[in-house]
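Residue numbers (my numbering): 1 to 398. Working notes for the structure below.
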Amino acid sequence: MTKRALFLISDTGGGHRSAANAITAALDEIKEPFAFEHRIEDVAAHCSFPLTQLGLGYSMALRYAPPVYGALYYATNGRRRYRALVRFCEPLYRERLRDLFLSYHPDVIVSVHPLLNHAALRARADAGMQDVPIVTVITDLGKVHESWLMPDADAVVVPAREVYERALSRGISPSRLRLLGQPIHPRFDDVTGTKEELRSTLGLPDDRLIVMLMAGGEGGGKLLPTALALGKANLPIHLLIVCGRNEPLRMKLEEIAPALPTPMTVLGFTDKIPEYFRAVDLLVTKAGPGSLAEANAAQLPVVVYDYVPGQERGNVEFVRHNGLGTVALHSAAEVVRAVKTMIRTPHRLEEIRRNQELVAPVRSSRRIAALIAQIADTGTIPAQDDMPARALAVAASL
């Protein structure tokens with residue numbers, strides 16, 4: 001017997017697809033009492049213009065006009081304002097999304113993007129499929145956008161206690177909420193070996209601190225000036241730079257690396273992030289929720305040097321509020337000072353690792369997959385879940 005799970009995403013950045021991939025990887029491990037087949041759909045492909053250009057517009061806005069994108073985020077972040085946006089967009093997707101539901105006929109629908117929650121509810125009604133449960137998996141931290149918070153979803157999975165509290169304040173019933181953590185790939189739970197063994201396998205030096213620098217899968221933003229500033233700082237570190245899919249940047253850094261006083265390793269896109277996170281000592285990153293959650297799982301202290309205006313601002317505050325690292329947003333020189341301070345205060349790194357252990361998304365994707373499997377089987381959210389005692393205590397305190 002096989003169940004079908006339909007995941008709704010939009011390729012505006014890589015985080016939503018990564019979250020869906022993490023959950024589907026965990027679903028693939030489920031064999032009893034039934035197996036799963038799944039499908040990840042970029043909903044923009046089923047919309048009319050201009051929503052078909054949503055991914056391109058997102059990339060262009062972040063590359064050339066981040067403040068404009070941030071202003072748009074805040075302009076729609078309110079109940080009335082968001083409802084107005086929904087009324088405008090609804091005719092552009094309604095019939096096509098309904099047809100997608102009817103053609104695939106899923107046993108459960110999972111929304112992993114904030115703008116798709118209302119769309120999924122409306123299309124489900126249009127398709128006459130009210131018996132098919134909808135699960136929202138929130139992938140942002142802190143004070144999340146209003147569009148995430150749909151009380152009519154059958155289940156809402158939240159990544160952190162701050163989001164749990166905000167969901168309650170927006171009328172989502174505690175019986176529909178599950179505090180299960182940020183969905184990260186199951187491989188982060190499965191890494192084995194000591195730091196020394198991992199460094200040997202990955203070809204990294206074992207005689208100095210290693211600072212890892214990355215900016216998500218696309219390798220853009222402030223990555224180049226930050227890499228140059230750290231490369232010229234002559235700190236007692238080895239610098240590991242992950243350029244993602246930005247091949248021109250990788251080639252440029254490889255060319256200039258021999259002339260810089262800081263030794264470095266430059267990588268393109270890699271699927272070994274779980275191993276690298278366990279092998280290095282400090283992560284310098286933009287405030288993507290997936291990267292932060294993965295760092296917490298690996299107990300890898302962070303320096304946050306960039307963020308997407310609006311949607312990732314809450315992630316920056318999440319780092320500050322929970323003591324998970326240092327925030328250095330204003331300049332590359334500030335990043336260098338932050339890294340210098342961190343590597344010179346080992347007790348501070350240990351304190352951060354203890355804080356990360358408290359918020360780490362332990363087995364998050366596997367627990368989310370188990371919840372989805374239960375909902376697909378019964379059509380309703382189970383009365384009980386497998387949240388750890390720590391998460392239950394936090395939820396009760398709210």
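Think of the CB as a built atom: it goes at the ideal place given N, C-alpha and C, for glycine as much as any other residue.
DSSP, read as helix, strand or coil, puts L213 in strand.
Secondary structure of I273 (DSSP, three-state): helix. Rounded to whole angstroms, S10 and D207 show a C-alpha spacing of 43 Å. Rounded to whole angstroms, V43 and M212 show a C-alpha spacing of 34 Å. CA-CA distance, R367 to L180, rounds to 7 Å. Cβ neighbours of D131 within its own chain (closer than 8 Å, five residues either side excluded): G379. Counting only the Cα atoms, A233 lies some 11 Å from L239. One alpha carbon belongs to L228, the other to S173, and they sit about 49 Å apart. DSSP places R4 in the strand class (E or B) of the three-state scheme.
D306 carries a strand assignment under DSSP once its states are collapsed to helix, strand and coil.
Here the stretch 195-203 lies against the stretch 270-290, with 3 or more beta-carbon pairs under 8 Å apart. Under the three-state reduction of DSSP, D207 is assigned to coil, being neither helix nor strand. Taking 4 residues as the shortest admissible run, the stretch 237-303 contains the following complete alpha helix (DSSP H) segments, listed from N- to C-terminal end: 247-256, 273-279, 289-298. Taking all protein chains in view, the Cβ of R124 is crowded by 16 or more other Cβ atoms within 10 Å, so the residue is classified as buried. A Cβ-Cβ separation of about 15 Å leaves V158 out of contact with I372 under the 8 Å criterion. A residue is called buried when at least 16 other Cβ atoms come within 10 angstroms of its Cβ; K31 does not meet this threshold and is exposed. Per DSSP, S365 has no beta-bridge partner at all. The continuous beta strand (DSSP E) containing E37 extends over residues 35-42.
If you look at S331, you'll find it isn't in any alpha helix (DSSP H); DSSP assigns it neither H nor E.
Between the alpha carbons of E294 and Y104 lies a gap of roughly 32 Å. For S200, there is no enclosing beta strand (DSSP E); the enclosing alpha helix (DSSP H) has its first and last residue at 195-202. A Cβ-Cβ separation of about 6 Å places T2 in contact with E37 under the 8 Å criterion. S169 carries a helical assignment under DSSP once its states are collapsed to helix, strand and coil. By the Cβ neighbour-count rule, H185 is buried, with 16 or more other Cβ atoms within 10 Å of its own.
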